[in-house]
Amino acid sequence: MSKLEALTGNAAVANAMRQINPDVVAAYPITPQTSTVQTFSEFVADGLVDTEFVTVESEHSAMSACVGASAAGARVMTATSANGLALMWEIVYIAASNRCPIVMSLVNRALSAPINIHCDHSDVMGMRDSGWIILMSENGQEAYDSMVQAVRIGEHPDVLLPVAVCQDGFITSHALERVELLEDEEVQDFIGTYAPQWSLLDLDNPKTYGPLDFYDYYYEHKRQQVEAMENAHGVIAEIADEFGKKFGRSYGYLEEYRMDDADVVVVAANSTAGTARTAVDDLRDEGLKVGLLKLRVFRPFPAKELAEALSSAEAIAVLDRSISFGSMDNSGPLFTELAAALALQGVNVPIADYVYGLGGRDIAPGEIERVYRETLEMAETGESRGVTYLGVRE
Amino acid sequence: MATRLAPKELMKQPERLAPGHRLCAGCGASIVVRQMLAAIDEPVVISNATGCLEVATTIYPYTSWRVPWIHNAFENSASTISGVEAAYRSLVRQGKMEEKDVKFIGFGGDGGTYDIGLQALSGAVERGHQMLYVCYDNGAYMNTGIQRSSATPFGAHTTTSPAGKKIPGKQQFRKDLTRIMAAHDIPYVGQAAPSKWRDLMEKTRKAVNCGGPAFMNVLSSCNRGWRHATDETLEITQLGVDTCYWPLYEVEDGEWRLTYKPREKLPIEEWLKRQGRFRHLFKPQNRHLIDEKQEEIDRKWEELLERCGEA
Chain A
0 MSKLEALTGN
10 AAVANAMRQI
20 NPDVVAAYPI
30 TPQTSTVQTF
40 SEFVADGLVD
50 TEFVTVESEH
60 SAMSACVGAS
70 AAGARVMTAT
80 SANGLALMWE
90 IVYIAASNRC
100 PIVMSLVNRA
110 LSAPINIHCD
120 HSDVMGMRDS
130 GWIILMSENG
140 QEAYDSMVQA
150 VRIGEHPDVL
160 LPVAVCQDGF
170 ITSHALERVE
180 LLEDEEVQDF
190 IGTYAPQWSL
200 LDLDNPKTYG
210 PLDFYDYYYE
220 HKRQQVEAME
230 NAHGVIAEIA
240 DEFGKKFGRS
250 YGYLEEYRMD
260 DADVVVVAAN
270 STAGTARTAV
280 DDLRDEGLKV
290 GLLKLRVFRP
300 FPAKELAEAL
310 SSAEAIAVLD
320 RSISFGSMDN
330 SGPLFTELAA
340 ALALQGVNVP
350 IADYVYGLGG
360 RDIAPGEIER
370 VYRETLEMAE
380 TGESRGVTYL
390 GVRE
Chain B
0 MATRLAPKEL
10 MKQPERLAPG
20 HRLCAGCGAS
30 IVVRQMLAAI
40 DEPVVISNAT
50 GCLEVATTIY
60 PYTSWRVPWI
70 HNAFENSAST
80 ISGVEAAYRS
90 LVRQGKMEEK
100 DVKFIGFGGD
110 GGTYDIGLQA
120 LSGAVERGHQ
130 MLYVCYDNGA
140 YMNTGIQRSS
150 ATPFGAHTTT
160 SPAGKKIPGK
170 QQFRKDLTRI
180 MAAHDIPYVG
190 QAAPSKWRDL
200 MEKTRKAVNC
210 GGPAFMNVLS
220 SCNRGWRHAT
230 DETLEITQLG
240 VDTCYWPLYE
250 VEDGEWRLTY
260 KPREKLPIEE
270 WLKRQGRFRH
280 LFKPQNRHLI
290 DEKQEEIDRK
300 WEELLERCGE
310 A
């Protein structure tokens, strides 16, 4: 039985953390993630969780303590945003490489400089090669549901990788929304107990973690991370399926919206998918055949699924909330990766990139309608266009 | 009953750091680690900062550690062991693990402790984790090839504070980390040296049984950086102690106590002249640096005597 509540995205995530009841949380406050750890610390103070809450002096130490606790066989979580993630950077890679199934709530915010506390995806895009599984969320409900699933995904013996669950800073992290919370027991039953195969606290069988690994083994260990990421692909689907069957909310790698007969498709992630839905409805009312493809799983990148979903489109536009400076056309990372995926899968469809919303710049349905109209024109000409910086003063 | 700190008894203790590691002949670090771990009868879990001790003991697929051990990165030995300790407390409190009086120890060199790891160390002890952090202080970034750290002694030649024609080695006096850690008002802080092994082992015992965070700063010779023969390690270490460059003392619940007072306080030259890194100080134009160094050592020694009620 679910409980309906009005919660911010951060409160929804904090409640997921309460219900997961991790053994250790190590976290440091940073806007816009702060209210998650604040709310969670209230749960700790009120004795609603068994968690050892480590109030570290920096995000670097947050991730460092998480790695130590995870190696010690604990179920471990953290939360951060932007510069906090950047300060963790070194240990973000170590967490994945040491195969620590840490779950992180990442509330997406623009990276400095200039300093800016509002939403874009420059933080998460920077960690895309770090070896973390990365899930995107349109709203608080999805962030909540994915936090619960993330525990299972990361801890799966064929995976053993950390998982970041993203949502948009302020736009959903601070927006009060209708969220269906599962019962505490339902969450506990779903995630089960964590029984790691190896633990630093197995005193009778001492293990060495994080040894020096040279040219004779390092490469193989990296190859094993690839295998884990490949395994994650299937595990994510299995666990989403189980979650959907149990609780009635279904998740996949992607979510298609009015795509059946769509001539043009916009690809978006996180909260902008919600805005795009409105634009799709408005344009459909005008008789335009437009659809939306929402990306839920960014890592591992679902190249085949994307290509399959987009194979019958006549033109595609990507919405990128960050710039990969110096990349092909100075476009966004989602675009370059999707364009490559389509090319390799033999899907030859005109494609354009729209960078938008940097530093929290608002995006309105009207702007997304413009994207659709230009993409419809592109379908006519049949020629791909480069990047457009949507909503910027040139 | 704790094992008596007598060589006869201690030699029966199983080695926790196995032989076959690749630390240099005469390295102080392995002596420090073996003495300290032999002083602890309880199970230990260790974190190790990046550095000589780490790279030379765990070249995959080999390990010299017969106890649970983790290396995370350079600057986070303290935060890593704080996470391990938090996990232990959580699992024990929830009944997921049996309580076994585990001692959590973080090791780091002076680069990983005085410099890049100072924040993580300060944070970890402030949070009150039951852990002992040990700095094995050899006075430079020895693992990367003898670069100066904030622990490098005044006047020392290192590869980033070379004794040149204009600048005669390191220009700054060293950071007093032991005192910084004492200022955290944690239950136990100790400064020790492996040449006084019983003192080091007694301090280790106090540190791991103090009921809260503890810090120990241990002088650890690196003959590659200090420039002395490999069989002179403990002799030169003891000269550091007897010249009062490295006084042996402890701060237990705020009480400062000198644990060793040299019968005769030797002039600092006695320590300097045995090490190649100070050779340039003996040139006539640099003699004043030795005087400056002596003055600083005297000043700090007097201050310490006063704090310890020995003045």
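These protein sequence lines map, in sequence, to chains A and B.
Just so you know, we're using numbering that gives the first Met the number 0 here: the first sequence kicks off at 0 and counts up by one.
Just so you know, we're using numbering that gives the first Met the number 0 here: the second sequence kicks off at 0 and counts up by one.
A virtual CB, placed ideally from N, CA and C, is assigned to each residue, including glycine.
Predicted, not measured: the structure shown is a model, and the values here were computed from it.
- Between L292(A) and E336(A), the gap from beta carbon to beta carbon reaches 8 Å or more.
- Under the 8 Å criterion on CB atoms, A73(A) is classed as interfacial with respect to chain B.
- When secondary structure is reduced to three states using DSSP, K221(A) falls in the helix class.
- Per the C-alpha coordinates, the member of A231(A), A261(A) and V263(A) positioned closest to G251(A) is A231(A).
- With contacts defined by Cβ atoms closer than 8 Å, N107(A) and D122(A) form a contacting pair.
- DSSP places V101(B) outside any alpha helix (DSSP H), giving it a letter other than H or E.
- Within chain B, the residues G82 have their CB atoms less than 9 Å from the CB of C65(A), given in chain order.
- Distance from the CA atom of A81(A) to the CA atom of C165(A), rounded to whole angstroms, is 11 Å.
- For the region 83 to 104 of chain B, the beta-carbon criterion of a distance under 9 Å to any beta-carbon of chain A is satisfied by V83, E84, A85, A86, Y87, R88, S89, L90, R92, Q93, K95, M96, K99 and V101.
- About 4 Å separates the Cβ atoms of S78(B) and S63(A), confirming a contact at the 8 Å cut-off.
- In the structure shown, Y244(B) adopts coil according to DSSP, grouped into three states.
- Under the 10 Å beta carbon count, H287(B) is surrounded by fewer than 16 other beta carbons and is classified as exposed.
- Of the other Cβ atoms in all chains shown, 16 or more fall within 10 Å of the Cβ of S198(A); this residue is therefore buried.
- For Y216(A), the closest Cβ of chain B is nearer than 8 Å.
- Taking the beta carbon of G122(B) as reference, the chain A residues within 8 Å of it are V55, E56, S57 and S60, listed in sequence order.
- C-alpha of G130(A) to C-alpha of M228(A): approximately 8 Å in a straight line.
- The secondary-structure analysis by DSSP pairs I132(A) across a beta bridge with V162(A).
- Against chain A, the CB of I69(B) has a partner CB under 8 Å away; the residue lies at that interface.
- Looking from the CA of V23(A), the closest CA among Q37(A), S60(A), R17(A) and R74(A) belongs to R74(A).
- For E309(B), the three-state secondary structure derived from DSSP is coil.
- Among the residues of chain B, those whose CB is under 8 Å from the CB of P205(A) are W64, R65, V66, P67 and W68, following chain order.
- Under DSSP, K299(B) takes part in no beta bridge, so it has no partner.
- Take the alpha-carbon of V317(A) and the one of F334(A): they are about 6 Å apart.
- Interface annotation, A85(A): not in contact with chain B, CB-CB separation never under 8 Å.
- In this structure, DSSP gives K202(B) a helical state, which the three-state scheme calls helix.
- One thing to note: M215(B) has its Cβ within 8 Å of the Cβ of V133(B).
- Contact between the region 118 to 126 of chain B and the region 199 to 206 of chain B is absent: fewer than 3 CB-CB pairs across the two stretches fall below 8 Å.
- In this structure, the CA atom of N222(B) is about 56 Å from the CA atom of S136(A).
- One finds P210, L211, D212 and F213 in chain A with Cβ atoms closer than 9 Å to the Cβ of I58(B), taken in chain order.
- Runs of the beta strand (DSSP E) spanning 3 or more residues and lying entirely within the region 93 to 164 of chain B occur at 102 to 108 and 130 to 136, in chain order.
- Of the residues L271(B), V240(B) and F281(B), the one whose Cα lies closest to the Cα of R262(B) is V240(B).
- Runs of the alpha helix (DSSP H) lying entirely within the region 219 to 293 of chain A, each at least 4 residues long, are 271 to 284 in chain order.
- With a cutoff of 8 Å on beta-carbon distance, Y143(A) and A61(A) are scored as not near each other.
- For L47(A), no Cβ of chain B is located within less than 8 Å of the residue's own Cβ.
- By the C-beta density criterion, K7(B) is exposed, having fewer than 16 other C-beta atoms within 10 angstroms.
- Counted as a single uninterrupted DSSP element, the beta strand (DSSP E) harbouring T387(A) occupies residues V386 to Y388.
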